[in-house]
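What follows is a single structure, written as structure tokens, with notes after it.
In the numbering used here, the protein residues as written are 98 to 269.
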């Protein structure tokens, strides 16, 4: 070791290896799930619920969850409300706080409307700037149709978000 004279004894090497195994190798990575849970019941909320209740995943990862639902009913989805904007601000600050407390991976289903995609791009940017592995879940149709329907600025933003995403998941 630096600053020590003489040979390093075997017990200190063994203890160091033991500490490394216990702290580094046995540490479960932490997954932050930003997603909706029912109600309302739809494909993405059901998938999020299955993910959170999975014993298979719970044995491999520590799970942190921030509810990312903006509507209580399917009829309210896709409509702007001040309440939803304030809820997004709470989600964004929660993402920053929870990520700073030790998150390794972030799972985020993205909305497939322009406004929802723009909103979710802020969460992608935040995770990317914090150096986290991003897992983005897109609907079965993917984001291709959404991107193709947008203008140059929207397509540039979508390309930027795609480049910063490490893994895409498309449930079928």
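All C-beta atoms, glycine included, are put in the ideal place defined by N, C-alpha and C.
> By how many angstroms is the C-alpha of residue 125 removed from the C-alpha of residue 193?
Replying inline: Within the chain shown, the letter at position 96 stands for residue 193. Within the chain shown, the letter at position 28 stands for residue 125. Taking the straight line joining both Cα atoms gives about 20 Å.
> Which one or two residues does DSSP pair with residue 162 in a beta bridge?
Replying inline: To locate residue 162, count along the chain shown from 1; it is residue 65. Residue 162 is bridged to 130.
> Distance, Cα to Cα, residue 179 vs residue 200?
Replying inline: By one-based count along the chain shown, residue 179 stands at place 82. By one-based count along the chain shown, residue 200 stands at place 103. Answer to the nearest angstrom: the Cα atoms are 29 Å apart.
> Anyone know if the C-beta pair for residue 209 and residue 236 falls short of 8 Å?
Replying inline: Here the question's residue 209 lines up with position 112 in the chain shown. Here the question's residue 236 lines up with position 139 in the chain shown. Cβ atoms of residue 209 and residue 236: closer than 8 Å.
> By the 10 Å Cβ neighbour count, where 16 or more other Cβ atoms means buried, how is residue 142 classified, buried or exposed?
Replying inline: Within the chain shown, residue 142 is the residue found at index 45, counting from 1. It counts as buried.
> Going by alpha carbons, who is nearest to residue 244 out of 228, 264 and 218?
Replying inline: Indexing the chain shown from 1 puts residue 244 at position 147. When only C-alpha atoms are compared, the closest one is 218.
> Is the beta carbon of residue 148 sitting closer than 8 Å to the one on residue 203?
Replying inline: As a position in the chain shown, residue 148 is number 51, starting the count at 1. As a position in the chain shown, residue 203 is number 106, starting the count at 1. No, the Cβ-Cβ distance between residue 148 and residue 203 is not below 8 Å.
>> Let me check understanding here. Comparing Cα to Cα, which of 153, 164, 158 and 156 lies closest to residue 145?
In response: To locate residue 145, count along the chain shown from 1; it is residue 48. Cα-wise, what sits closest to residue 145 is 164.
> Apart from the five residues on each side of it in sequence, which residues of its chain come closer than 8 Å, Cβ to Cβ, to residue 240?
Replying inline: Within the chain shown, the letter at position 143 stands for residue 240. 207, 209, 214, 255 and 259, listed in sequence order.
>> Please state the DSSP three-state secondary structure of residue 193.
In response: The residue labelled residue 193 in the question sits at position 96 within the chain shown. Helix at residue 193.
>> Report the CB separation of residue 140 from residue 268 in whole angstroms; it is logged as a contact under 8 Å.
In response: To locate residue 140, count along the chain shown from 1; it is residue 43. To locate residue 268, count along the chain shown from 1; it is residue 171. The Cβ separation is near 7 Å, so the contact holds.
> Which residue from 157, 220 and 211 puts its Cα closest to that of residue 186?
Replying inline: As a first step, residue 186 is located in the chain shown; it is residue number 89 there, counting from the start. The residue with the shortest Cα to Cα distance from residue 186 is 220.
> Does the separation of the CB atoms of residue 161 and residue 129 fall below 8 Å?
Replying inline: Stepping through the chain shown from its first residue, residue 161 is reached at position 64. Stepping through the chain shown from its first residue, residue 129 is reached at position 32. Yes; because the gap between Cβ atoms is below 8 Å, this pair is in contact.
>> Counting C-beta neighbours from all protein chains within 10 Å, is the total for residue 188 16 or more, i.e. buried, or is it exposed?
In response: Translated into the one-based positions of the chain shown, residue 188 becomes position 91. It is buried - the Cβ of residue 188 has at least 16 other Cβ atoms within 10 Å.
> Thinking C-beta only, is residue 127 closer than 8 Å to residue 157?
Replying inline: As a working mapping, residue 157 is identified with position 60 in the chain shown. As a working mapping, residue 127 is identified with position 30 in the chain shown. Taking 8 Å as the Cβ cut-off, residue 157 and residue 127 do not qualify as a contacting pair.
> In terms of residues, what are the limits of the beta strand (DSSP E) holding residue 240?
Replying inline: Here residue 240 is taken as the residue at index 143 of the chain shown, counted from 1. Neither: residue 240 is in no beta strand (DSSP E) and is coded neither H nor E.
>> Checking the sheet assignment: what are the DSSP bridge partners for residue 230?
In response: Within the chain shown, residue 230 is the residue found at index 133, counting from 1. The partner list for residue 230 (beta bridge, DSSP) reads 202.
> With 16 other CB atoms within 10 Å as the buried threshold, where does residue 248 fall?
Replying inline: In the chain shown, residue 248 corresponds to position 151, counting from 1. By the 10 Å Cβ count, residue 248 comes out exposed.
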